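K.L.:
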Amino acid sequence: MSSEWMYRYFSGMITLPLRKHSLSRYLFKFFLFCLLFLPVKPLLAQQQPLILSADTLAKYPKGQPLQHAHWFYKQGDNPHWRSPNISDNNWTPVSTNFGSNKLLAGWSGIGWFRLWISSNNSFQNKMLGLRINHDGASEIYLDGKQIGGYGKVGKVKSNIVAARAAYTIVPFLINDGGPHLLAIRYSNPNNYFPEFIGFETWLGTYQQMSAAASVSMQRNDLLLISAGAQLALALLHIFLFVWYPKQKQNLIYSLFVLFSASTIVIRFVIYDTTDPALQAVANNVFSAVVILSTFAIGLLFYAVSYTVLPKWRIIILASVTSGLLIYLTYLSVDCGCAVANKLSPILNLYYLLVNIDGIRAIIVAIRKRKPGVWLIGLGMFILALFFFIVGVNFFGLFEDEELINQWMSLGLLVLPVCFSIYLALDFARTNRNLSLQLQHVQQLSELNATQEAEKLRLITEQAQQLEYTVVERTTEVMAQAEKLREMDAVKSRFMINLTHEFRTPLTLILGPIKQILTRVTDKQTIVQANTIQRNAERLLQLITQMLDLTKLEAGKMELSNTPTELIILIRRNFLSFESLANEKQIDLRFLSDWEILWLLIDKNKVEMIVLNLLSNAVKFTNSKGQIILSLRKNADLNWLELKIRDTGVGIPKGKLPFIFDRFYQADPSDSRSHEGTGIGLAITKELVTLLGGNMALNSIEGKGTEVTVHLPINETAAVIEQEKANILESSVSRGQLDHIELTNIDKELPLILVIEDNPELRDFIGSILHPVYRVLQASNGEEGLNIGIAQIPDLVITDLMMPIMDGYQVCSEFKQNEKTSHIPVIILTAKSGIENRITGLEIMADAYLDKPFDERELFITIKNLIAIRKQLQQQYGKTDAWLGQHADLPAMEKVFLDRVLLLVETHLDDERYSVELLADDMNLSRTQLHRKLKAVIAQSPGDLIRIVRLQHAYELLRNKVGTVADISYMVGYGNPKNFSTSFSKHFGFSPTEASNH
-18 MSSEWMYRYF
-8 SGMITLPLRK
2 HSLSRYLFKF
12 FLFCLLFLPV
22 KPLLAQQQPL
32 ILSADTLAKY
42 PKGQPLQHAH
52 WFYKQGDNPH
62 WRSPNISDNN
72 WTPVSTNFGS
82 NKLLAGWSGI
92 GWFRLWISSN
102 NSFQNKMLGL
112 RINHDGASEI
122 YLDGKQIGGY
132 GKVGKVKSNI
142 VAARAAYTIV
152 PFLINDGGPH
162 LLAIRYSNPN
172 NYFPEFIGFE
182 TWLGTYQQMS
192 AAASVSMQRN
202 DLLLISAGAQ
212 LALALLHIFL
222 FVWYPKQKQN
232 LIYSLFVLFS
242 ASTIVIRFVI
252 YDTTDPALQA
262 VANNVFSAVV
272 ILSTFAIGLL
282 FYAVSYTVLP
292 KWRIIILASV
302 TSGLLIYLTY
312 LSVDCGCAVA
322 NKLSPILNLY
332 YLLVNIDGIR
342 AIIVAIRKRK
352 PGVWLIGLGM
362 FILALFFFIV
372 GVNFFGLFED
382 EELINQWMSL
392 GLLVLPVCFS
402 IYLALDFART
412 NRNLSLQLQH
422 VQQLSELNAT
432 QEAEKLRLIT
442 EQAQQLEYTV
452 VERTTEVMAQ
462 AEKLREMDAV
472 KSRFMINLTH
482 EFRTPLTLIL
492 GPIKQILTRV
502 TDKQTIVQAN
512 TIQRNAERLL
522 QLITQMLDLT
532 KLEAGKMELS
542 NTPTELIILI
552 RRNFLSFESL
562 ANEKQIDLRF
572 LSDWEILWLL
582 IDKNKVEMIV
592 LNLLSNAVKF
602 TNSKGQIILS
612 LRKNADLNWL
622 ELKIRDTGVG
632 IPKGKLPFIF
642 DRFYQADPSD
652 SRSHEGTGIG
662 LAITKELVTL
672 LGGNMALNSI
682 EGKGTEVTVH
692 LPINETAAVI
702 EQEKANILES
712 SVSRGQLDHI
722 ELTNIDKELP
732 LILVIEDNPE
742 LRDFIGSILH
752 PVYRVLQASN
762 GEEGLNIGIA
772 QIPDLVITDL
782 MMPIMDGYQV
792 CSEFKQNEKT
802 SHIPVIILTA
812 KSGIENRITG
822 LEIMADAYLD
832 KPFDERELFI
842 TIKNLIAIRK
852 QLQQQYGKTD
862 AWLGQHADLP
872 AMEKVFLDRV
882 LLLVETHLDD
892 ERYSVELLAD
902 DMNLSRTQLH
912 RKLKAVIAQS
922 PGDLIRIVRL
932 QHAYELLRNK
942 VGTVADISYM
952 VGYGNPKNFS
962 TSFSKHFGFS
972 PTEASNH
């Protein structure tokens, strides 16, 4: 208490009666002025011990509250302040249950609180107890010794662990009358409850305090019993709703009771938890559940009172509820603490308005004599009495908050019980009405059964008459069907005979035409002969399809399964359309999950399927379109999926169901742009079925068509392995032949590697290059890469689309391999798009030529690339620029050359370090090292080692490091005479003259 406060207090109390006597007023003012100079503060701050007595403690069953006792406070933290020897005369008297609205002066989250206590002899050697309630952390000392504490006190917020101990008692003994110092070190920087930052304490006998704590815990446990009863009611009515969904009141009531039970459970958590943060969160959740409970009870009032739920009232109620929940969430997130006190007035008003509107609705329903609604009104009246008598404690009948909570938990059951009784009575009425309706339905059913029996008799008579008619008609249909079968057989025989008759004259047409084409030179005659041959072959194809169709109809087409490498078969037929696709500028793509796939299958049938589908795809795909043929595995590897997707004209959706019908055409008009008979897809589907597979077609008009064929995979390991062995043997023989041919060709000619999976095109390229270059051949990317690494050619020509590795991968592997990074690569492909060219350039392809390529363009490209490589060789070879300055070399070549030079310099004094050892250290063969160095710097490995040795010798001689003989040994020459000869030959002057140059 400050002097200023004393002045105001006393002046107000004393001068009031003396206002009529001015002299006396002046004397009193002088007296008060003198009082200001008296040592008021020390007198007020003198320790006044709290005297404990049995009579005092008997008044407080839960312990004597100490919040407003003579506590003294000091802000900060000093461990010596726990000692009774430290004076607290200058400490501030305070109440310990302070909050943000009455915050202590200088409070920064930690401080010390001291209270002096004394007792009479009745408490000597008797166990006393102290209970403390706070949301921070504390350490409790008696006469300087710690007797308890909760949480972890710290000066830094991150080191503080807050804790609650609502029911825990700290025991201690007082052996004499005192006074004794009770000191509490307390920190609470979190402010989970802004209105309660401080702490509350109670003191009494340990037995008394323990008994009170036990009673409080038992009363708190009763909350769970009340919640359990409400949950049982909620489950009961949920089951009733599931059994009879039409009665929505059961569902709404269940929600209300669930929310009500949730409030009780959350309140139990609030009282029972030891975590202040959890208590603050639970407090906010409690407010949210109260809002939802109020919303649910409002819905329940409307459901009970109205026959049809009032739409606008529910919208308003839901909007207000949502707004309150959003506002509550905002406050909770914004401050991170309990915000219930801020919302209490709004929530009370919200609860009051909802109940008033609910009571209004109940009263209206009662006046309309709605059955059972009076029970809801009675429940609300009893609940209001509980709030008035117990909750508000208007008559003062209840001593503490825990007892009020216990009775209110019981009171909250009244309204749910009344609702349950109401719903049970309503359910009983509904059940009774349903029983009456069931009886009525049974009567109607009996009447209906009589009518149905009569109707059945009439239907039976009509059915018998209809049966006679059906038998008669069936006999006629069977006779007609037999005639149709005979006609179909005649037609089939006619078609077979007709097709065979056509084949003979077609053979006589095609044979002479082929001979004419080999003999004539007149261009006009050749054009006309080609036209005859093309149309005759087309006619032969149509006749063959007609014959196959006839065989399929007669069931006489048989399978001839043989070991077949399916990927090559399909790819060969796919590539046969390459020239036609190039004419129409169609992009052809072939994708396969297999490199090699051997099957026992009828390859002729497969070939016919692929040709028919590809023919349709090319025919109906416009210029600059795309066709993709893919071969995929399915999950269990028992089926092969052949899919052909094009970007053609597509098929109208309404015509898709008929597309596999024989002789059906999606565009039957005379003005159609594509010819056809309409039997190709029909034959294809029947061939797929014959092979044990299935076929599906999807199409979008204007976007394209996708045909999917699934064929079973039937492998026979023994046969297929033999076929693979035959192929391997053939491949080895071809490789040996290539090697033999290579050895007989002039070794000075540049060596070119041709990688092409099409054998005819590969041989053609080899034949046109053979007179000028040496040629190596490879049938796929992997084989070509292996040959290229082994032989180090001067140039590589590769196709783009190949099995195992495509041209992009081959080029990338060559450019990233240290052995082959210098080799120019030319990519040949039918993909002429700018995207493909950009991709080729990105992987460092040196040239990109379109198919069909011009021989002159190919020769010029090869010549230029080899010439550029030779110019680089000459640039570095003539001046030995590679020895000291080779930064202009490409990165891979520079790294390679640096490694070579480092190895030679490391073994500079080793006269036995030879080309073979250098090749071993570089992990290359002697031939590979030779071709690589010749290609990069036009030097052989032996010359490189010699030049490096001589160059180092020159530097040593110039710097006069030693004699000529010494230096010859230092650079790996065992004979000084040989060293002098080599030195003079290389530099044009003797070693003794090196210092002059």
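With this note's numbering as the guide, the letters of the sequence shown map in order to residues -18 to 978.
Note that the Cβ used here is the ideal one computed from N, Cα and C, for glycine as well.
This structure is a prediction, so every number in the text was calculated from the model and none was measured.
1. Is I640 near A598, with beta carbons less than 8 Å apart?
2. Taking S168 and I206 to be in contact with their CB atoms under 8 Å, please state how far apart those CB atoms are, rounded to whole angstroms.
3. Which class does G980 belong to by DSSP, given the choice of helix, strand or coil?
4. Starting from F276 and walking both ways along the beta strand (DSSP E), at which residues does that stretch end?
5. Restricting to Cα atoms, I'd like to know which of V246, K40 and I251 is closest to D116.
6. If contacts are defined as beta-carbon pairs under 8 Å, then G110 and M190 qualify, I think. What distance do you get, rounded to the angstrom?
7. DSSP beta-bridge partners for N679?
8. Within its chain, find whatever has a CB closer than 8 Å to the CB of N619; leave out the 5 residues flanking it on each side and keep chain order.
9. Can you name, in chain order, every residue of its own chain whose Cβ lies under 8 Å from the Cβ of E682, other than the five neighbours on each side?
10. Check whether the region 246 to 264 touches the region 304 to 322, taking contact to mean three or more Cβ pairs, one atom from each stretch, closer than 8 Å.
11. Identify, in the order they occur along the chain, each residue of the same chain with its Cβ nearer than 8 Å to the Cβ of D407, setting aside the five sequence neighbours on each side.
12. To the nearest angstrom, report how far apart W93 and W72 are at their CA atoms.
13. Let me check one thing: in DSSP terms, what residues is W388 bridge-paired to?
14. Taking just the CA atoms, how far does I733 sit from L689?
15. Tell me which same chain residues have a C-beta within less than 6 Å of the C-beta of R166, skipping the five on either side of it?
16. Please go through the same chain and pick out, in chain order, the residues whose beta-carbon is closer than 6 Å to the beta-carbon of A284, but skip the five residues on each side of it.
17. Do you know offhand how far I608's Cα is from D902's?
18. Just to confirm my understanding: we take L730, look at its own chain, exclude 5 residues before and 5 after, and list those with CB closer than 8 Å. What are they?
19. Quick check: K851 and M825, are their CB atoms within less than 8 Å of each other?
20. For the putative contact between Y403 and A342, defined by C-beta atoms under 8 Å, what is the C-beta separation to the nearest angstrom?
21. Under DSSP, the alpha helix (DSSP H) around Q758 begins and ends at which residues?
22. Please report how far the alpha carbon of L757 lies from the alpha carbon of P774, in whole angstroms.
23. I'd like to check one pair, L668 with K600: are the Cβ atoms closer than 8 Å?
24. Taking 8 Å as the cut-off, does the region 797 to 807 touch the region 765 to 773 (at least 3 CB pairs, one atom from each stretch)?
25. State the DSSP-derived secondary structure class of N959, mapped to helix, strand or coil.
26. Just to confirm my understanding: we take D253, look at its own chain, exclude 5 residues before and 5 after, and list those with CB closer than 7 Å. What are they?
27. Thinking C-beta only, is L96 closer than 8 Å to L38?
28. Do L305 and I337 count as a contact pair if the criterion is CB distance below 8 Å?
29. Check whether the region 243 to 250 touches the region 213 to 221, taking contact to mean three or more Cβ pairs, one atom from each stretch, closer than 8 Å.
30. Within a Cβ cutoff of 7 Å, which residues of the same chain sit near S313, ignoring the five residues on either side of it in sequence?
31. Within 10 angstroms of the Cβ of E874, are there 16 or more other Cβ atoms? Answer buried if so, exposed if not.
32. Tell me which residue opens and which closes the alpha helix (DSSP H) that T973 is part of.
33. Mind the definition here: the region 170 to 180 touches the region 149 to 161 only if three or more C-beta pairs lie below 8 Å; say whether that holds.
34. Alpha carbon to alpha carbon, how far is A900 from H911?
35. Hey, how far is the Cα of D574 from the Cα of L878?
36. If I follow the unbroken alpha helix (DSSP H) through V75, where does it start and stop?
P.N.:
On the basis of the supplied data:
1. Taking the sequence shown and counting its residues from 1, one reaches residue 640 at position 659. Taking the sequence shown and counting its residues from 1, one reaches residue 598 at position 617. In this structure, A598 does not lie closer than 8 Å to I640 by Cβ.
2. As a first step, residue 168 must be located in the sequence shown, where it is residue number 187. As a first step, residue 206 must be located in the sequence shown, where it is residue number 225. With 8 Å as the limit, S168 and I206 do not qualify as a contact, their Cβ atoms being about 38 Å apart.
3. Residue 980 cannot be examined here, being either before or after the span of the chain that is shown, -18 to 978.
4. Taking the sequence shown and counting its residues from 1, one reaches residue 276 at position 295. Unbroken run through F276 is the alpha helix (DSSP H), P257 to S286; no beta strand (DSSP E).
5. Taking the sequence shown and counting its residues from 1, one reaches residue 116 at position 135. Per the Cα distances, I251.
6. Position 129 of the sequence shown, counted from the start, is the residue given in the question as residue 110. Position 209 of the sequence shown, counted from the start, is the residue given in the question as residue 190. Right, their Cβ atoms sit about 4 Å apart.
7. Here residue 679 is taken as the residue at index 698 of the sequence shown, counted from 1. Partner(s): E687.
8. Taking the first residue of the sequence shown as position 1, residue 619 is located at position 638. Cβ within range, chain order: P693 and I694.
9. Counted from its first residue, the sequence shown places residue 682 at position 701. Answer for E682: V630, G631, I632, P633 and K634, listed in chain order.
10. yes
11. Residue 407 sits at position 426 when you count from the first residue of the sequence shown. Contacts found: Q228, Q230, P352 and G353.
12. Here residue 93 corresponds to residue number 112 of the sequence shown, with the count starting at 1. Here residue 72 corresponds to residue number 91 of the sequence shown, with the count starting at 1. C-alpha separation (whole angstroms): 10 Å.
13. Residue numbering aside, residue 388 sits at position 407 when the sequence shown is read from its first letter. Per DSSP, none; premise fails for W388.
14. For the purposes of this step, residue 689 is taken as residue 708 along the sequence shown, with counting starting at 1. For the purposes of this step, residue 733 is taken as residue 752 along the sequence shown, with counting starting at 1. As written in the sequence, residue 689 is Thr, which differs from the Leu given in the question. Rounded to the nearest angstrom, the two C-alpha atoms are 41 Å apart.
15. In the sequence shown, counting from the first residue as 1, residue 166 sits at position 185. W93, E120 and V134, listed in sequence order.
16. In the sequence shown, counting from the first residue as 1, residue 284 sits at position 303. Answer for A284: Q230 and I233, listed in chain order.
17. Sequence index remark: in the sequence shown, residue 608 carries index 627 (1-based). Sequence index remark: in the sequence shown, residue 902 carries index 921 (1-based). Going from the Cα of I608 to the Cα of D902 covers about 50 Å.
18. Here residue 730 refers to the residue found at position 749 of the sequence shown. For L730, where only same-chain residues beyond five positions count, the Cβ hits under 8 Å are V753, Y754 and R755.
19. On the sequence shown, position 870 is the one that residue 851 refers to. On the sequence shown, position 844 is the one that residue 825 refers to. No, the Cβ-Cβ distance between K851 and M825 is not below 8 Å.
20. Along the sequence shown, read from residue 1 onward, the residue named residue 403 stands at position 422. Along the sequence shown, read from residue 1 onward, the residue named residue 342 stands at position 361. Y403 to A342, Cβ: 14 Å. No contact.
21. Position 777 of the sequence shown, counted from the start, is the residue given in the question as residue 758. Per DSSP, Q758 belongs to no alpha helix (DSSP H); it is in the beta strand (DSSP E), R755 to A759.
22. Looking up residue 757 in the sequence shown gives position 776. Looking up residue 774 in the sequence shown gives position 793. Between L757 and P774, the C-alpha separation is close to 8 Å.
23. If you number the sequence shown from 1, residue 600 lands on position 619. If you number the sequence shown from 1, residue 668 lands on position 687. It is not a contact, given that the beta carbons lie outside the stated cut-off.
24. yes
25. In the sequence shown, counting from the first residue as 1, residue 959 sits at position 978. Note: N959 maps to helix in three-state DSSP.
26. Here residue 253 refers to the residue found at position 272 of the sequence shown. Cβ neighbours of D253 beyond the five flanking positions: N201.
27. Here residue 38 corresponds to residue number 57 of the sequence shown, with the count starting at 1. Here residue 96 corresponds to residue number 115 of the sequence shown, with the count starting at 1. Against a cut-off of 8 Å, the Cβ pair of L96 and L38 comes out as no contact.
28. Position 356 of the sequence shown, counted from the start, is the residue given in the question as residue 337. Position 324 of the sequence shown, counted from the start, is the residue given in the question as residue 305. The answer is no: Cβ separation not under 8 Å.
29. no
30. Position 332 of the sequence shown, counted from the first residue, corresponds to residue 313. Answer for S313: N265 and V320, listed in chain order.
31. Taking the sequence shown and counting its residues from 1, one reaches residue 874 at position 893. When all chains shown are included, E874 counts as buried.
32. The residue given as residue 973 occupies position 992 in the sequence shown. That residue, T973, is in no alpha helix (DSSP H); it is neither H nor E in DSSP.
33. no
34. What you label residue 900 is simply residue 919 of the sequence shown in a count that begins at 1. What you label residue 911 is simply residue 930 of the sequence shown in a count that begins at 1. Cα to Cα, A900 sits roughly 9 Å from H911.
35. Within the sequence shown, residue 574 is the residue found at index 593, counting from 1. Within the sequence shown, residue 878 is the residue found at index 897, counting from 1. Cα-Cα distance, rounded: 40 Å.
36. By 1-based counting over the sequence shown, the position of residue 75 is 94. V75 -> not in any alpha helix (DSSP H); beta strand (DSSP E) instead, spanning T73 to V75.
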